[in-house]
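Heads up, our numbering is the position in the sequence shown plus 111, with the first residue counted as 1.
The C-beta atom is built at its ideal place from N, Cα and C for all residues, glycine as well.
Because the structure is a prediction, the values reported are computed rather than measured.
Scroll down for the structure; my scribbles are underneath it.
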Amino acid sequence: MDDVALVVTGKSFTICHNKVRAFMDRPGGAMDWSTSHNSAYSLDKFGLVNCKAQPKRIGLGPALQLTDGTVIAPTDHQRFLGVLVDQALKFKQHTAAAYAKGSKLVAQVRRLATARNGLTLSAVRRLYLAVVVPSMLYAADTFLTPVRTLPGQTRKHGSVGHARRLAAVQRQALLAMTGALRSAPTDTLEAHAQILPFDLLIDKLCHCAAVRLCTLPDTHPLAPHVQRAGKRYVKSHRSAIHELLDAYKPWLDYKNTERIRPARRHPQWKPHHRTYILDDREAAAADDDWWARDGALRVYTDGSDIDSGVGAAAILYVPGCAHPKTLRLHLGPSTRHTVYEAEIVATILGVELL
Numbered sequence: 112m113d114d115v116a117l118v119v120t121g122k123s124f125t126i127c128h129n130k131v132r133a134f135m136d137r138p139g140g141a142m143d144w145s146t147s148h149n150s151a152y153s154l155d156k157f158g159l160v161n162c163k164a165q166p167k168r169i170g171l172g173p174a175l176q177l178t179d180g181t182v183i184a185p186t187d188h189q190r191f192l193g194v195l196v197d198q199a200l201k202f203k204q205h206t207a208a209a210y211a212k213g214s215k216l217v218a219q220v221r222r223l224a225t226a227r228n229g230l231t232l233s234a235v236r237r238l239y240l241a242v243v244v245p246s247m248l249y250a251a252d253t254f255l256t257p258v259r260t261l262p263g264q265t266r267k268h269g270s271v272g273h274a275r276r277l278a279a280v281q282r283q284a285l286l287a288m289t290g291a292l293r294s295a296p297t298d299t300l301e302a303h304a305q306i307l308p309f310d311l312l313i314d315k316l317c318h319c320a321a322v323r324l325c326t327l328p329d330t331h332p333l334a335p336h337v338q339r340a341g342k343r344y345v346k347s348h349r350s351a352i353h354e355l356l357d358a359y360k361p362w363l364d365y366k367n368t369e370r371i372r373p374a375r376r377h378p379q380w381k382p383h384h385r386t387y388i389l390d391d392r393e394a395a396a397a398d399d400d401w402w403a404r405d406g407a408l409r410v411y412t413d414g415s416d417i418d419s420g421v422g423a424a425a426i427l428y429v430p431g432c433a434h435p436k437t438l439r440l441h442l443g444p445s446t447r448h449t450v451y452e453a454e455i456v457a458t459i460l461g462v463e464l465l
């Protein structure tokens with residue numbers, strides 16, 4: 112990653128620019144690092160954004176002049192990690208860029224969804240959800256906030272204008288999928304194509320981002336920021352994390368969310384249990400009789416696909432009990448589930464019996 116941002120704060124632009132120059136020229140600073148690592152900066156690629164509460168009144172602000180005489184002209188926005196960051200953090204420029212990108216992709220999809228010899232509705236729907244939505248709504252939790260109604264208010268809160276503008280891209284995709292008339296209502300097209308309304312689609316993406324934030328380990332650099340943002344919904348200077356956590360606060364918070372730590376083992380680690388894999392069915396049946404004489408608990412699990420239906424089952428034999436305990440689950444049709452998924456579910460059912 113070669114995108115690096117330097118954020119400085121101060122009571123005036125002069126103070127902020129002095130901090131930037133000090134960061135570049137101080138002993139052990141950016142210029143010394145460049146010299147010691149033999150990595151020269153491309154100063155012509157440097158960008159400057161002067162942020163303030165009233166960007167219309169101040170304009171772009173003064174330019175930044177480095178010690179070597181390089182002048183960095185300010186702009187109203189800069190791209191950082193794929194997001195256009197503007198002066199007021201309203202993300203109008205990024206919304207316009209996302210709209211242009213989505214419209215371009217939908218135009219390409221429309222060429223494949225012609226009424227004659229074109230792709231089917233399901234194929235176009237998959238293209239839209241797999242290509243257009245991830246490209247257009249990249250970093251949606253950063254430049255969009257969930258559309259909702261706050262308690263005691265009638266007006267909607269959130270990125271209402273941005274969502275309404277980007278929803279036009281989804282409508283064009285719906286017309287390409289269904290081949291309907293341009294006067295067809297959007298809600299009917301969404302129901303026919305089985306696609307969420309655009310505000311709910313944004314809500315889904317933002318909720319996934321909020322879940323990922325609330326499941327971060329305590330050692331993650333973002334963890335303390337998420338903890339502070341989830342405690343109180345500040346009145347001003349709210350960040351995207353404040354908006355996300357407050358939108359799902361009744362159901363999601365950092366303190367009460369389960370965190371599953373990844374298992375890290377040494378390459379030479381060996382499990383405490385032993386595994387027996389026999390060559391054929393007859394050997395397995397004979398070995399099973401030996402385990403039955405041992406008087407231990409026995410659990411049998413299996414997942415299968417029969418008559419276009421996928422299911423899983425588990426049986427527990429307890430010594431001294433005449434009848435075994437069983438658990439069964441029908442996952443659904445084979446068009447949506449696989450035998451491998453059923454095998455995993457069967458293992459979970461076996462653990463549940465224990």
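- Message: Among G443, R372 and M247, whose alpha-carbon lies nearest the alpha-carbon of L312?
- Response: Per the Cα distances, M247.
- Pick out the complete alpha helix (DSSP H) segments inside the segment 195-278, 4 residues or longer, and give them in chain order. Counting only runs of 4 or more, we get 203-223, 232-238, 244-247 and 251-254.
- Query: Do you know how far the Cα of V194 is from the Cα of D390?
  - Reply: So the alpha carbons of these two residues sit roughly 56 Å apart.
- Would DSSP call D416 helix, strand or coil? Strand, per DSSP.
- Item | M112 to L192 span [Cα, whole Å] | For M112, the predicted structure reports a pLDDT of 44, less than 50, and the residue's modelled location is therefore unreliable. The matter cannot be settled from this model.
- Message: For V242, tell me which candidate among L117, V220 and A116 has the shortest Cα-Cα distance.
- Response: It is V220.
- Just mark Q379 as buried or exposed, buried being the case when its beta carbon has 16 or more other beta carbons within 10 Å. When all chains shown are included, Q379 counts as exposed.
- CA-to-CA distance, A274 to A358, given in whole angstroms: Those two C-alpha atoms are separated by around 16 Å.
- Task: Kindly indicate which residue of K267, L286 and K360 has the alpha-carbon position closest to the one of V217.
- Result: The candidate whose alpha carbon is nearest that of V217 is L286.
- Item | Of the residues T326, A394 and L232, the one placed nearest A304, counting alpha carbons only | Taking only the C-alpha atoms, the option nearest A304 is L232.
- Task: With distances taken Cα to Cα, identify the nearest neighbour of G269 among D179, R349, P138 and T449.
- Result: Taking each of D179, R349, P138 and T449 in turn and checking the Cα distance to G269, the smallest one comes out for R349.
- Quick one: what's L355 bridged to in DSSP? Answer by DSSP bridge pairing: none, since L355 is not bridged.
- Query: Which residues bound the alpha helix (DSSP H) around G341?
  - Reply: DSSP places G341 inside the alpha helix (DSSP H), whose first and last residues are A334 to K342.
- Item | Pairwise C-alpha distance: D418 and T446 | C-alpha of T446 to C-alpha of D418: approximately 12 Å in a straight line.
- Query: Would you call the segment 454-464 and the segment 407-416 touching, i.e. three or more CB-CB distances under 8 Å?
  - Reply: Cβ pair count under 8 Å is three or more, so yes.
- Item | Own chain, CB closer than 8 Å to H434, minus 5 neighbours either side, in chain order | There are no such residues.
- List the endpoints of the continuous alpha helix (DSSP H) containing G461. In the DSSP annotation of this structure, the continuous segment of the alpha helix (DSSP H) that includes G461 starts and ends at V450 to L464.
- Let me know the secondary structure DSSP gives Q305 once reduced to three states. Q305: coil per DSSP, three-state reduction.
- Taking just the CA atoms, how far does Y152 sit from H318? Approximately 39 Å, taken between the alpha carbons.
- Alpha carbon of P332 to alpha carbon of R323, nearest angstrom: P332 and R323 have their alpha carbons spaced roughly 14 Å apart.
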